[in-house]
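Reading through the structure tokens given below for one structure.
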Amino acid sequence: MQLFDYELKAEDNLLRRFEEIHDYIYANDGLSPQQTLNELLKILFIKIYEENNPSGLFRISSDELHNLHNSNTSSAVGERIFRLFEKTKLEYLDLFDTDEKIKLSNISLGFVINKLQNISLTDSSNDAKGLAFQKFLSHKEKDGKGQFFTPEPVIDFCVDVINPQMGESIIDPCCGSGGFIFSAFRHILKNNNTVRKDELIAHHIFGLDINKDISKISRMKFLLEANVKSNIVCHNSLDDLDTVTLLLSERNHKIQNGFDVLLTNPPFGTAGKITDNQILKKFDLGYKWTKNPNGFTKTKNLNNGQPAEILFIERCLQLLRENGRMAIVLPNGHFENPSLDYLRHYIRMKAKILGIVNLPQETFIPYGTGVKTSLLFLEKQTIQQPYSIFFGKVKKLGYSGNKNGTPIYKKDQYGRVIRSGETPVLDEDFSQVAADYKKFLETNEIQSDNSFSIHYENLGGRFDYDYYSPDNQSIINILSNKSVRLGDIVDIVKEKSPKLKNKNSIVDYIELSDINANSFEIINSTPYLVHELPSRATYELRKDDIITAIAGNSVGTRKHATALVDENNDGAICTNGFRVLRNPKINQYYLLYYLHNELYLKQMMMYRTGAAIPNVSDKDLQNILVYLPDERIIEEIGEKIKKSFALRVESTKIINGITLL
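Okay, so the sequence shown: first residue is 1 according to the numbering used here, each after it adds one.
As structure tokens, then:
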């Protein structure tokens, strides 16, 4: 028996068949990966229609196949499939345009028909078809940079936390290829031995998506699973709420009062903003909000544009019944950015926050984006009682954060992969965070390596994990009794240099990378004509200023750029990625030391916002706490730092004084 000579599971047999068909079309017909998938879907819908309405048209003989290989022509096969497709389009009017055609070459069409004609896609005895298609689809979506894809571990984790129950109605209003609702479907099957698949799909699983081609994918998953029409509708979920509700209620009167469970990953990042006033005015969050002593108030002025995912937050809450539960994937900026305080206020008004789970930066990299995200779990509540909030952090994904997303497995002390039976164990902590959440539900509190909880009263204007983490909060508590605000002891320069008005003058320009973070030194500057400077060139430096970074991935790390301006850089221009600290009211060398200390760096890390390029706002920078020990200690530290600068100057003179001749 050879190493890989084993019997494939039924789902693996079909998976291989799907892969073989897809690869053949892609190799022979010159279609893109997405076009290839679309053509395969058409044939699968035709095949299922034929099985439900037997006509004998979905077939190809060996002679016809032989002739195709020799001449690439077979009008009889093409005509049969054309007739079937016309009937299939009538069966699925919302998925296919009336003039839609099959774009496959004759030889590819014959190949596909031959591979599928002797298998049944509607045989209820085989419960592996949906999973086979799910596996096949995950491969193809990742190959295509996952335009409509959420990583499976993220999906399954959300479903595990929300824990949909038999009898509950479940929806994803931007379902894409159906990952969330299919996982919820499998979750209910796993936990209920008596549930009927067709009943579950027909009466409890719902999906909406604006993209017709992607709607076909999610519809196909459930057709292969149970051969029953699913409640997946091609429609804009941001349409008028009454229209959306009516559309869904027509399929099941039970959900007129809202859904029990909602799971979704709305479009964000490069999706652009919604600028149509007819859509914006249907949403509270389509309007501008103003701050007041009690929070925020909606104005009568529409936003010029609003990211789609913000409107989706409101629509998701509208679709839920009272006490309905939801999980949504959002960019981290929505949890942190000061400009979105009003959004977080709105969420707190409308829902109980069940949990917030931070995901690693690399979560979506295998699928084409590096946007940092978190998961928000809510329960719709009009009247709220005091409660605790769960915070979790996933540190290990179980796959590598590169374009391939290669699985990473746990290993023992000898480097051998750990297995559970025959299955290698992924090195992930989704399961640990999920276990922490279940424990939290029992005890109303949690404290572990991955999770913690806080009381609702302690939730400020931010929702992010790092801000409330016990380590960071302990630093704030330590500093609160013997510290001052940074903004109270320095002037923070906010004016652009007047030198920038003289377009033809030459200035020295300093970037973040021009700093040696370990020695507090500016080690480089580049001369520019003013009109050639980058747009971020902003502040003019003076001798004895301190510059410290407020933007970039190094903010809050040991590589955080902070430096003292010496006479060599007096008058230089720096990027707006720095803030210039001038006229310190305490020993400047002690302040310089403090800006490299963990007490400062952890605060900067805590205040970082932004899903793509981290930054710290001017308001938060001013509120950074500067620890002030006894004056004697301040002077001792200041003298040591000052002496280190003097030694560097002296060493430079010695080195420059060395000659060979």
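For every residue, glycine included, the Cβ atom is placed at its ideal position computed from N, Cα and C.
Of the residues assessed, N569 falls on the buried side of the cut-off, its CB having 16 or more other CB atoms within 10 angstroms.
Under the rule that a run must span 3 or more residues, the beta strand (DSSP E) segments found entirely inside the stretch 347–399 read 351–358, 373–380, 388–393. Around G461, the same chain offers D341, R344 as residues with beta carbons nearer than 7 Å, after the five sequence neighbours per side are excluded. No Cβ-Cβ contact shorter than 8 Å links L238 with C158. Per DSSP, reduced to three states, the secondary structure at N231 is strand.
Residue pairing by DSSP puts D508 in a beta bridge opposite P527. Fewer than three pairs of CB atoms, one per stretch, sit closer than 8 Å, so the stretch 604–619 makes no contact with the stretch 510–518. Rounded to the nearest angstrom, the gap between the Cα atoms of G415 and G370 is 30 Å. A residue is called buried once 16 or more other Cβ atoms fall within 10 Å of its Cβ, and A327 is buried on that count. Sorting I46, E631, N294 by C-alpha distance to the C-alpha of R348 places N294 at the top.
The C-alpha of K602 lies about 15 Å from the C-alpha of L486. Counting every other CB atom within 10 Å of its CB across the protein chains shown gives K543 a total below 16, marking it as exposed. Contact between the stretch 439–457 and the stretch 308–326 is absent: fewer than 3 CB-CB pairs across the two stretches fall below 8 Å. Of the other Cβ atoms in all chains shown, 16 or more fall within 10 Å of the Cβ of Q306; this residue is therefore buried. Restricted to the stretch 475–509, the alpha helix (DSSP H) segments that are unbroken, complete and at least 4 residues in length are 486–489, listed in chain order. Annotation: C574 is outside any alpha helix (DSSP H); the continuous beta strand (DSSP E) that includes it extends over 573–575.
Residue burial annotation: D172 is buried, with at least 16 other C-beta atoms found within 10 angstroms of its C-beta.
For the pair R196 and I162, the Cα-to-Cα distance works out to about 21 Å.
Here A76 has E64 as same chain residues with Cβ atoms under 8 Å from its own Cβ, once five neighbours each way along the sequence are excluded. For P584, there is no enclosing beta strand (DSSP E), as DSSP gives it neither H nor E. One thing to note: F268 has its Cβ no nearer than 8 Å to the Cβ of P366. A straight-line Cα-Cα distance of about 5 Å links V626 and S483. The three-state secondary structure of Q588, taken from DSSP, is helix.
Sequence-distant Cβ neighbours of Y24 in its own chain, meaning closer than 6 Å and more than five residues away, are F111. For V261, the enclosing beta strand (DSSP E) starts and ends at 259–264. When C-beta atoms of the stretch 542–558 are compared with those of the stretch 578–588, three or more pairs fall below 8 Å, so the two segments count as touching.
Between the stretch 99–106 and the stretch 38–47 there are three or more inter-stretch CB-CB distances shorter than 8 Å, so the stretches are counted as touching. Distances from the alpha-carbon of E445 to those of S388, V565, T373 put S388 closest.
DSSP places I25 within a helical segment (H, G or I) once states are collapsed to three. Per DSSP, the beta bridge partners of V329 are L375. DSSP lists no beta-bridge partner residue for T88.
The three-state reading of DSSP puts S513 in helix, counting H, G and I together. Note that the stretch 377–388 touches the stretch 348–357; at least 3 beta-carbon pairs, one per stretch, sit closer than 8 Å. An exposed status is given to L90, since fewer than 16 other beta-carbon atoms sit within 10 Å of its beta-carbon.
The closest CA to that of L116, considering only I46, E86, V154, is found on I46. G657 counts as exposed, since fewer than 16 other beta carbons sit within 10 angstroms of its beta carbon.
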